[in-house]
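*Asks:*
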Amino acid sequence: MPEGDTVWRQARDLRAVLEGKKLVSSDFRVPAHATLDLSGQTVTSVESRGKHLLMYVGGLVIHSHLAMEGHWDSYPVHNGRSAKWRKPTFAARAVLTTDQAQVVGFSLGTLEVLPEALVGNAVGHLGPDLLGPGWDAEEALRRLLAEPERAIGLALLDQRNLAGIGNIYRNELCFLGRIHPASAVMGVPDLPRMAGLAKRLLEANHDRSQRSTTGGQARGEAASWVYGLAGKPCKRCGVLITHGTLADPAFTVRAARDIYWCPRCQAEPGAS
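Right, here's the structure in full:
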């Protein structure tokens, strides 16, 4: 599942093959940009902002969001031809080709091309980026505390507060903080510590191909404390992990997201 660390790696890998390179062709397979041709333009930079990816080219910005299944793949080009794609052609939304590489955006949740001056329209709402050079812990806390009665599991997932946390990290952070995801922000015992831990977890994982929140190079069930482990014993106390969903009243059109917690380590709000 793409979260801030995944998008950070995508930006790093795309920089290696695109930054400073001239495009020999571009192919945008979405109606709004189907006629746009960026051939001859140079990619000046590639960067991530939370779970958003930005490519600057020819005074424009290619903005994408991976959503649940999106991914950018890179393929070497030899004698003008790219290596075979690893995913089906029908899933491609954008194809950018240089004389040495071809990058393909598959199943992107969002794909738009904006003038550089309007990039704020795409990412200006985001809170401090957990993996960005301008991380501001005080601003992140101010935003979280602006709605003290909101569920912490919703506040962490809201990219307007701090950018980069997805559903896996929010569940793991609540476990590590010994707080139920539905508990109010104002009930979190040490909110600054939780925000700091979020940053440390993403930083620890941004260079790993396999995410682990339990430490080291753990894989599979050993890599998570609670996420995806419903019915399994808690690694801390042995009580079986519970699964539920948590809807966000602020975004009624979005489906409720999965939450996982230990009933002993993370008492539900109102429980004695």
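In full-length UniProt numbering, the protein residues as written are 1 to 272.
Don't be surprised by glycine CBs; every beta carbon is placed ideally from N, CA and C.
Are there 16 or more other CB atoms within 10 angstroms of the CB of Asn167, so buried, or fewer, so exposed?
*Replies:* Within the sequence shown, the letter at position 167 stands for residue 167. Buried, by the Cβ-count rule.
*Asks:* Just the C-alpha distance for Ser26 and Val226, rounded to the nearest angstrom, thanks.
*Replies:* Within the sequence shown, numbered from 1, the residue matching residue 26 stands at position 26. Within the sequence shown, numbered from 1, the residue matching residue 226 stands at position 226. Roughly 42 Å between the two C-alpha positions.
*Asks:* Go through the region 121-193 residue by residue and report every complete run of the alpha helix (DSSP H) that reaches 4 residues or more, in order.
*Replies:* As far as the region 121-193 is concerned, its whole alpha helix (DSSP H) runs of at least 4 residues are 137-145, 152-157 and 167-176.
*Asks:* Is the CB-CB distance between Ala92 and Arg150 below 8 Å?
*Replies:* Along the sequence shown, read from residue 1 onward, the residue named residue 92 stands at position 92. Along the sequence shown, read from residue 1 onward, the residue named residue 150 stands at position 150. Result no, Cβ atoms of Ala92 and Arg150 do not sit closer than 8 Å.
*Asks:* When you compare each of Gln10, Thr245, Ala247 and Ser212 to Arg49 by their alpha carbons, which one comes out closest?
*Replies:* As a working note, residue 49 is residue 49 in the sequence shown. Minimum Cα distance to Arg49 is reached at Gln10.
*Asks:* What residue from His65, Trp135, Lys22 and Thr35 has the CA that sits closest to Thr98's CA?
*Replies:* Walking along the sequence shown from the start, residue 98 turns up at place 98. The residue with the shortest Cα to Cα distance from Thr98 is Lys22.
*Asks:* Given this structure, state the Cα-to-Cα distance separating Glu139 from Pro128, to the nearest angstrom.
*Replies:* In the sequence shown, counting from the first residue as 1, residue 139 sits at position 139. In the sequence shown, counting from the first residue as 1, residue 128 sits at position 128. Straight-line Cα distance between these residues: approximately 7 Å.
*Asks:* Leaving aside the five residues before and after Ala247 along the sequence, list all residues of the same chain whose C-beta is less than 6 Å from its C-beta, in chain order.
*Replies:* One-based indexing of the sequence shown puts residue 247 at position 247. Cβ neighbours of Ala247 beyond the five flanking positions: Ala256.
*Asks:* Within its chain, find whatever has a CB closer than 6 Å to the CB of Tyr56; leave out the 5 residues flanking it on each side and keep chain order.
*Replies:* Taking the sequence shown and counting its residues from 1, the one referred to as residue 56 is at position 56. Taken in chain order, the residues that qualify are Thr44 and Ser45.
*Asks:* Can Pro181 and Trp261 be called in contact, C-beta distance under 8 Å?
*Replies:* Along the sequence shown, read from residue 1 onward, the residue named residue 181 stands at position 181. Along the sequence shown, read from residue 1 onward, the residue named residue 261 stands at position 261. Result yes, Cβ atoms of Pro181 and Trp261 sit closer than 8 Å.
*Asks:* Please return the same chain residues whose Cβ sits closer than 6 Å to the Cβ of Arg264, not counting the five positions on each side in sequence.
*Replies:* If you number the sequence shown from 1, residue 264 lands on position 264. Excluding sequence neighbours, Arg264 sits near Cys237 and Val239.
*Asks:* How close, in whole Å, do the beta carbons of Ala198 and Leu130 come, if the pair is a contact with beta carbons under 8 Å?
*Replies:* As a working note, residue 198 is residue 198 in the sequence shown. As a working note, residue 130 is residue 130 in the sequence shown. At roughly 6 Å, the Cβ-Cβ gap stays under 8 Å, so Ala198 and Leu130 are in contact.
*Asks:* Ignoring anything shorter than 4 residues or poking outside the region 49-125, list the alpha helix (DSSP H) runs there in chain order.
*Replies:* The region 49-125 contains these whole alpha helix (DSSP H) runs: 120-123.
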